Each structure stands twice: as C-alpha cells, then as structure tokens.
Amino acid sequence: MFNIKKTLTIAAGVAGALAFGGAHASADTTTSTSDYVVQSGDTLNKISAKYNVSVSTIAAQNNISNVNWIVVGQHLSFATTGTSTTQASSATTDTTSTQASTSTTAAATDTTSTQASTSTTAATTSTTSSTNSDALNTLIARESGGNVNATNGQYYGLGQLSAQARAIYGGNSADYNDQLNAMKAYIAARYGTAENALAHSNATGWY
Numbered sequence: 114m115f116n117i118k119k120t121l122t123i124a125a126g127v128a129g130a131l132a133f134g135g136a137h138a139s140a141d142t143t144t145s146t147s148d149y150v151v152q153s154g155d156t157l158n159k160i161s162a163k164y165n166v167s168v169s170t171i172a173a174q175n176n177i178s179n180v181n182w183i184v185v186g187q188h189l190s191f192a193t194t195g196t197s198t199t200q201a202s203s204a205t206t207d208t209t210s211t212q213a214s215t216s217t218t219a220a221a222t223d224t225t226s227t228q229a230s231t232s233t234t235a236a237t238t239s240t241t242s243s244t245n246s247d248a249l250n251t252l253i254a255r256e257s258g259g260n261v262n263a264t265n266g267q268y269y270g271l272g273q274l275s276a277q278a279r280a281i282y283g284g285n286s287a288d289y290n291d292q293l294n295a296m297k298a299y300i301a302a303r304y305g306t307a308e309n310a311l312a313h314s315n316a317t318g319w320y
C-alpha cells in the first residue's frame with residue numbers, strides 16, 4: 114500500500130479578462146492545464162478529487178489503460194475547464210480607462226505571483242528528485258552494481274527483488290527501465306522514499 118504524499122509541479126493560471134462598470138455579464142469557458150508528478154500513495158481517484166476532473170479524463174489524456182496502476186514518479190498532465198465572467202462596460206470613458214488600467218495591473222501581479230510560485234515549487238521538486246536519485250543510485254550500486262542480470266538465489270536484477278516482490282511490482286525482464294520502475298514501486302510501497310530505504314539498508318544490510 115502507498116503512503117500519501119503529493120507534489121504539484123505546475124498549475125497554469127486561468128486566462129481571462131475582466132472589465133468593470135458594465136451592466137451586462139457573460140460567462141466564458143476557460144481551459145487550464147495541471148501538471149502532476151505521482152508520489153507514493155497517489156491514486157487517480159485522489160488526483161481526480163483534488164482537481165475535480167474525472168478519472169477517465171485524466172486516464173485518457175495520459176494514455177493510462179489501467180486506472181488502478183500508476184507509477185511513482187510518473188508525470189501526468191491534464192486539462193481542466195472553468196468559467197470566468199466578463200462584463201461589458203457602460204460607464205464613462207474616463208471611468209472605464211481607470212478601471213481597465215487597474216484590472217491590467219492586477220492581472221500582471223497575479224501572473225507574476227503564479228510564476229514565482231511555480232518556479233519555487235519546481236525548484237523544490239528538482240531538489241527532492243535529485244536527492245531521491247542519489248539514494249536510489251546508491252541502493253542500485255550496493256545491490257547489483259547496475260547489472261540487470263545480477264542474481265543471488267531468488268533475488269534478481271538492479272534492485273535484487275525477491276520472486277514475491279517481482280510478482281507484485283514487475284521487473285522480471287532484463288529491461289533496465291522495467292527493473293528500475295519495479296524497484297521504485299517496491300520502495301514506495303515499503304518505505305515511502307529512497308532515502309528511507311537507504312537508511313534501512315545502512316542499518317540492517319538489506320532493504
């Protein structure tokens with residue numbers, strides 16, 4: 114089973130313009146895109162509830178055939194829709210100009226804030242990924258030396274997964290990516306992070 118831990122990498126802002134002082138309003142459908150990196154404990158149901166997007170929509174937009182299985186570290190990108198209200202101005206020219214200027218300034222400020230937030234989150238994600246990668250690489254070097262054909266009794270491959278673990282997570286082939294994904298899934302399910310798995314290995318000699 115997975116432990117819940119989510120990291121949002123990018124949340125694109127909803128585009129739209131707002132003019133003030135008008136007596137008539139109309140709703141415009143807008144589209145934004147959410148990018149998401151799967152963490153341990155994530156399911157499509159949880160991501161669906163968070164963004165109010167159906168599981169089938171997320172699955173279809175990411176070519177996921179089995180909605181009950183998503184891989185830790187997998188990058189998901191899906192479109193969401195919403196509405197924004199545009200008002201037609203019936204005020205004087207001077208009032209409209211002032212309000213339009215205020216609206217433009219506010220929009221620019223919102224865009225800057227969103228970009229700053231996105232950059233900070235992306236930097237944090239990058240640091241976390243780098244740390245995970247270092248711990249994962251250390252485990253691979255310790256367990257198999259990077260040899261996809263390494264065996265030790267029932268233990269096999271990059272992560273030296275047991276036959277029982279391979280039956281659950283895969284990694285029975287000699288394909289490097291297949292074994293790497295199986296190792297990541299095993300670590301996510303048992304330890305949550307590669308750092309935790311490495312700490313256990315340092316303490317006990319196995320993970």
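In our numbering, the protein residues as written are 114 to 320. Backbone N, C-alpha and C fix where the C-beta goes; we use that ideal spot for every residue, glycine too. No experiment lies behind these values; they were computed from the predicted model shown.
Find the nearest neighbour of Q267 within the set A302, Q277, Q187, S161, judged by alpha-carbon distance.
Within the sequence shown, residue 267 is the residue found at index 154, counting from 1. Nearest of A302, Q277, Q187, S161 to Q267, Cα basis: Q277.
DSSP-derived helix/strand/coil call for Y289:
Taking the sequence shown and counting its residues from 1, the one referred to as residue 289 is at position 176. In this structure, Y289 counts as helix in the three-state DSSP scheme.
Let me know if S153 comes out buried or exposed under the rule of 16 or more other beta-carbons within 10 Å of its beta-carbon.
If you number the sequence shown from 1, residue 153 lands on position 40. Label assigned to S153: buried.
CA-to-CA distance, T144 to W195, given in whole angstroms:
For the purposes of this step, residue 195 is identified with residue 82 of the sequence shown, where counting begins at 1. For the purposes of this step, residue 144 is identified with residue 31 of the sequence shown, where counting begins at 1. Trp is not the amino acid found at residue 195; the sequence shown has Gly there. Distance between the alpha carbons of G195 and T144 is about 6 Å.
Cα-Cα separation, A312 to T251
Position 199 of the sequence shown, counted from the first residue, corresponds to residue 312. Position 138 of the sequence shown, counted from the first residue, corresponds to residue 251. Whole-angstrom Cα-Cα distance: 11 Å.
Helix, strand or coil for Y299, going by three-state DSSP, please let me know.
If you number the sequence shown from 1, residue 299 lands on position 186. Y299 falls in the helix class under three-state DSSP.
If contacts are defined as beta-carbon pairs under 8 Å, then A301 and V150 qualify, I think. What distance do you get, rounded to the angstrom?
Here the question's residue 301 lines up with position 188 in the sequence shown. Here the question's residue 150 lines up with position 37 in the sequence shown. Not confirmed; about 13 Å, so no contact.
Proximity of A295 and Y304 at Cβ, strictly below 8 Å
For the purposes of this step, residue 295 is identified with residue 182 of the sequence shown, where counting begins at 1. For the purposes of this step, residue 304 is identified with residue 191 of the sequence shown, where counting begins at 1. Taking the C-beta atoms as reference points, Y304 is found no nearer than 8 Å to A295.
Please classify G258: is it buried, with 16 or more other beta-carbons within 10 angstroms of its beta-carbon, or exposed?
Here residue 258 refers to the residue found at position 145 when the sequence shown is read from its first residue. G258 should be labelled exposed.
Terminal residues of the alpha helix (DSSP H) in which V166 lies:
Within the sequence shown, residue 166 is the residue found at index 53, counting from 1. Bounds of any alpha helix (DSSP H) do not take in V166, whose DSSP letter is neither H nor E.
Whose C-beta lies closer than 7 Å to the C-beta of N265 among residues of the same chain, with five residues either side of it excluded?
Against the sequence shown, residue 265 aligns to sequence position 152. Taken in chain order, the residues that qualify are Q273.
Please determine, among D247, V168, N285, Q174, the residue with the shortest C-alpha to C-alpha distance to T306.
Locating residue 306 in the sequence shown gives position 193, counting from the first residue. Ranked by how close their Cα comes to the Cα of T306, the residues D247, V168, N285, Q174 have D247 in first place.
Does DSSP put D247 in a helix, in a strand, or in coil?
Counted from its first residue, the sequence shown places residue 247 at position 134. Correct three-state label for D247: helix.
Sheet register partners of L274 (DSSP bridge):
Within the sequence shown, residue 274 is the residue found at index 161, counting from 1. Partner(s): Y269.
Does DSSP classify A213 as helix, strand or coil?
The residue labelled residue 213 in the question sits at position 100 within the sequence shown. Legend: pLDDT at A213 = 48, less than 50; position of this residue unreliable, no value from coordinates given.
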